[in-house]
Amino acid sequence: MAALLLGAVMLAVQLQPVPSRPAVYGSEPGQQELVGKAATLQGEVLEGAAPNGSAQQLPQTIIIGVRKGGTRALLEMLSLHPDVAAAENEVHFFDWEEHYSQGLGWYLRQMPFSSPHQLTVEKTPAYFTSPKVPERVHSMNPSIRLLLILRDPSERVLSDYTQVFYNHVQKHKPYPSIEEFLVRDGRLNVDYKALNRSLYHVHMHNWLRFFPLRRIHIVDGDRLIRDPFPEIQKVERFLKLSPQINASNFYFNKTKGFYCLRDGGRDRCLHESKGRAHPQIDPKLLNKLHEYFHEPNKKFFELVGRTFDWH
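This is how it looks when you write it as structure tokens:
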């Protein structure tokens, strides 16, 4: 019993009150309530401790995006590590006002129960492109480690469209062709939201206003699909996790056409909604996409100091 109480106290010590920047913090709706709930967070953790000594902890790592970049695959692969406890669903705390206004106490209750030595991780890919999120995350924990997984921006656009298209198909609702979104008055429709989500340098600038680059690890989503083990090794090192994930945890499924996971003799693949074939698109239009992203990609490479094998 004494050991259990000591573990709970140590957990409470780990969860410090929310750090803030007095010049700006509290200026947004819901932030005053956030501070108030943070003040009682230690008590909530103690009350929520499980009999085995585990408790819900605020995430020490967040997968911030990007949408259709491979965030689910990254989370599932990272969950192979015994020292990782992952939130099952996308929480949307920092980008949805109805969630953020409920404060850190609500956020804490969305987290999985974990042991003191485990790293709690949540992923919400909409965070990367949401303007308010970087400041809000920084206000919670300026030392948090962030994971950003990106893929070829043109491919990401097609994947973005494909997801929405199948969502409509499942509901037996019609949906326009991708050309109707990408082309307007004979030109590329630069107002298409899927295009804006792929302007990585724009969104990265916003994150770098609050976090140094060393706090953000960029996972190459295209390489993660082709050869996941080396990319996961880099993630382990960034998160300062012991090297527990092995090449034997991955096997290529010829039927699905991508890698699946093997964990303790149990095989599992991503949901059938992952890896869907993209729509057929006119090669000329695809070239227009590649040309459109050429300069933005260069700006992003300069911003982060590395290049990616994108068109």
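Residues -20 to -1, 1 to 291 (mature numbering (1 follows the signal peptide of the UniProt record, and there is no 0)) are what the sequence shown spells out, left to right. Even glycine gets a Cβ: it sits at the ideal position worked out from N, Cα and C. From a predicted model like this one, the values you see are computed outputs, not experimental measurements.
- Separation of the CB atoms of L84 and L38 is rounded to 7 Å, and the pair is thereby assigned contact status at 8 Å.
- A direct Cα-Cα distance of roughly 11 Å separates E135 from A174.
- Around Y272, the same chain offers L168, V170, L175 as residues with beta carbons nearer than 8 Å, after the five sequence neighbours per side are excluded.
- Of the residues R177, N121, M120, H61, the one whose Cα lies closest to the Cα of S110 is R177.
- Following the DSSP letters along the chain, one finds V199 inside the beta strand (DSSP E) bounded by residues 196 to 200.
- Counting of Cβ neighbours within 10 angstroms places N229 among the buried residues, the total reaching 16 or more.
- By the criterion of at least three beta-carbon pairs nearer than 8 Å, the region 220 to 235 is in contact with the region 54 to 69.
- Annotated as distal: H197 and K279, with beta-carbon spacing of 7 Å or more.
- According to the DSSP assignment, L99 belongs to the beta strand (DSSP E) that extends over 99 to 103.
- DSSP, read as helix, strand or coil, puts R246 in strand.
- Around the beta carbon of T235, a 10 Å sphere encloses fewer than 16 other beta carbons of the protein chains shown; the residue is thus reported as exposed.
- As the crow flies, the alpha-carbon of E68 is around 23 Å from that of T142.
- Under the 10 Å beta carbon count, Y80 is surrounded by 16 or more other beta carbons and is classified as buried.
- Looking at the backbone, the Cα of M120 and that of W76 are separated by about 16 Å.
- Judged by DSSP secondary structure, Y231 falls within the beta strand (DSSP E) whose first and last residues are 230 to 233.
- With a cutoff of 7 Å on beta-carbon distance, I158 and K103 are scored as not near each other.
- The closest CA to that of V215, considering only L128, A35, E115, is found on L128.
- For secondary structure counted as the beta strand (DSSP E) over 3 or more consecutive residues, the region 132 to 211 holds these complete runs in sequence order: 196 to 200.
- Across the structure, P276 and M184 are spaced so that their CA atoms are roughly 11 Å apart.
- Shortest Cα-Cα distance from K48 to any of V64, V144, S34, E115 involves V144.
- In the DSSP annotation of this structure, the continuous segment of the beta strand (DSSP E) that includes G45 starts and ends at 41 to 45.
- Judged by DSSP in its simplified three-state form, L128 adopts strand.
- Minimum Cα-Cα distance from I205 among the listed residues W187, L193, Q224, L241 corresponds to L241.
- Distance from the CA atom of V137 to the CA atom of G201, rounded to whole angstroms, is 14 Å.
- Within the model, the alpha-carbon separation for K220 versus R125 is close to 10 Å.
- For A66, the enclosing beta strand (DSSP E) stretches over residues 64 to 66.
- In the DSSP assignment, A53 falls within the unbroken alpha helix (DSSP H) covering 51 to 58.
- The C-alpha of L269 lies about 23 Å from the C-alpha of V199.
- Check the Cα spacing between A65 and each of Q40, F218, N32: the tightest is with Q40.
- A straight-line Cα-Cα distance of about 10 Å links L130 and W290.
- Between the C-alpha atoms of G33 and P92 there is a straight-line separation of about 13 Å.
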